[in-house]
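For the record, the sequence lines run as chains G and P. Residues 1 to 174 in the numbering used here are what the first sequence lists, from first letter to last. Residues 175 to 276 in the numbering used here are what the second sequence lists, from first letter to last. Backbone N, C-alpha and C fix where the C-beta goes; we use that ideal spot for every residue, glycine too. Just so we're clear, the structure is a prediction, and the values are computed from it rather than from any experiment. Notes to accompany the following structure.
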Amino acid sequence: MSYQAANPLSEEFSLELSGPLAGYWLAFLRVVTGWWFFHAGVTKLIEDGLSYSYGPMYLQGMEGTALGPLPVWMGNNLGWLIEAMVPLGETLIGLGLLFGVLVRLASVFGAFFMTLFWVGNASFGHGLVNGDLMGLLLFGTMIVFATGRYYGLDAIIERTKFVKNRPRLRYLLG
Amino acid sequence: MTQTLNTIDKAAMAVSGFLMVLGIAVLGIVEILAGEPYGAAAVEQTNEAGEVVNTIYPAVDPTIRTGLVILGLVILLLWGIYKVTSPIPGEEQARTTEVPSD
Numbered sequence: 001m002s003y004q005a006a007n008p009l010s011e012e013f014s015l016e017l018s019g020p021l022a023g024y025w026l027a028f029l030r031v032v033t034g035w036w037f038f039h040a041g042v043t044k045l046i047e048d049g050l051s052y053s054y055g056p057m058y059l060q061g062m063e064g065t066a067l068g069p070l071p072v073w074m075g076n077n078l079g080w081l082i083e084a085m086v087p088l089g090e091t092l093i094g095l096g097l098l099f100g101v102l103v104r105l106a107s108v109f110g111a112f113f114m115t116l117f118w119v120g121n122a123s124f125g126h127g128l129v130n131g132d133l134m135g136l137l138l139f140g141t142m143i144v145f146a147t148g149r150y151y152g153l154d155a156i157i158e159r160t161k162f163v164k165n166r167p168r169l170r171y172l173l174g
Numbered sequence: 175m176t177q178t179l180n181t182i183d184k185a186a187m188a189v190s191g192f193l194m195v196l197g198i199a200v201l202g203i204v205e206i207l208a209g210e211p212y213g214a215a216a217v218e219q220t221n222e223a224g225e226v227v228n229t230i231y232p233a234v235d236p237t238i239r240t241g242l243v244i245l246g247l248v249i250l251l252l253w254g255i256y257k258v259t260s261p262i263p264g265e266e267q268a269r270t271t272e273v274p275s276d
């Protein structure tokens, strides 16, 4: 999929996949997903600071899931880290997506969060596909389509000499 | 950055996609064919007093289904790490051409 690097605000309108409409929609998805995580994180920071005690409790309750003993072990032994990283991580992931910076890297961490939410939150009463899985797929979409390149700062960062000399960084940007 | 898919790329896409579709859709069809409950969770049946008299479990344990999806996601993650750590064809050449000759 191409994007109009020269003029992202082009007034062309097309129903083709490569058209400006696709870029507009991917950017919109990115901003909404970013706001979702930023809101979740920053409100935790406001209320509990870096001591979000529900985080370790949540992991300790994840017994008998497909992730085995890993989340329970994390809840028991990495509580101090989880308490800080849940609000901080959600906020940073949200900011990354909102501004389109390091979108692919932020989305990998977002997908990790959503995997824990999907496996731990749900009783799957309405089937395996629920809002948490859709959120996980949204982060996958951010990675695959490199949505930071559409009206995001990654489009500018990727044109710097530093990134051009290190093209593998585009797997983390974009 | 246009690259052609190598064997590892194709294998990662095929295996992860297969595992995730198996966990979500294929075993979902199995569950529908097996009858109630149609969700992926156990359903408690209660009497008029609200006491649980019976529990119906899904035909396929949701732990197995979520496990298949997570396995697919792990393969995608490992594939991503492989892509980040593998040199891109022409990468070194691109970097050396940026060095001033004087």
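Less than 9 Å separates the beta-carbon of P/ILE249 from that of P/LEU193. Counting other Cβ atoms within 10 Å of its Cβ, G/PHE28 stays below 16 and is therefore classed as exposed.
Bounds of the alpha helix (DSSP H) holding P/THR181 are 181-195. In this structure, the alpha-carbon of P/THR259 lies about 10 Å from that of G/TYR171.
Bridge partners of P/GLU218 according to DSSP: P/THR229. With a threshold of 9 Å between beta carbons, G/PRO87 makes no contact with chain P.
With the rule of 3 Cβ pairs closer than 8 Å, the stretch 61-80 of chain G does not count as touching the stretch 36-44 of chain G. Bounds of any alpha helix (DSSP H) do not take in P/SER260, whose DSSP letter is neither H nor E. The Cβ atoms of P/LEU252 and P/ALA186 lie closer than 9 Å to each other.
The Cβ-Cβ distance between G/ALA66 and G/VAL119 falls below 9 Å. Residues GLY202, GLU205, PRO232, VAL234, PRO236 and ARG239 of the same chain have their beta carbon placed closer than 8 Å to that of P/ALA214, with the five preceding and five following residues left out of the count. For G/PHE145, the number of other beta carbons within 10 angstroms of its own is at least 16, and it is reported as buried. In summary, P/ALA223 is exposed, with fewer than 16 beta-carbon neighbours lying within 10 Å of its beta-carbon over all protein chains present. Per DSSP, reduced to three states, the secondary structure at P/GLU265 is helical. Against chain G, a Cβ distance below 7 Å from P/GLY213 picks out PHE124, GLY125, HIS126 and GLY127. PRO236, THR237, ILE238, ARG239, THR240, GLY241, LEU242, VAL243, ILE244, LEU245, LEU247, LEU250, LEU251 and GLY254: these are the residues of the stretch 236-256 of chain P whose beta carbon lies less than 9 Å from some beta carbon of chain G, given in chain order.
When DSSP states are grouped into helix, strand and coil, G/ARG170 belongs to the helix group. When only Cα atoms are considered, G/LEU169 and G/VAL163 end up about 6 Å apart.
Here the alpha carbon of G/VAL103 sits roughly 15 Å from the alpha carbon of G/GLY23.
The contact set of P/GLY202 on chain G, defined by CB atoms closer than 9 Å, consists of GLY127, LEU128 and VAL129 in chain order. The stretch 53-70 of chain G makes no contact with the stretch 90-103 of chain G: fewer than 3 CB pairs, one atom from each, lie closer than 8 Å.
Under the three-state reduction of DSSP, G/PRO69 is assigned to coil, being neither helix nor strand.
Residues of the same chain with a CB within less than 7 Å of the CB of P/TYR256, apart from the 5 flanking positions on each side, are ILE182 in chain order. At least one beta carbon of chain G lies nearer than 9 Å to the beta carbon of P/GLU265.
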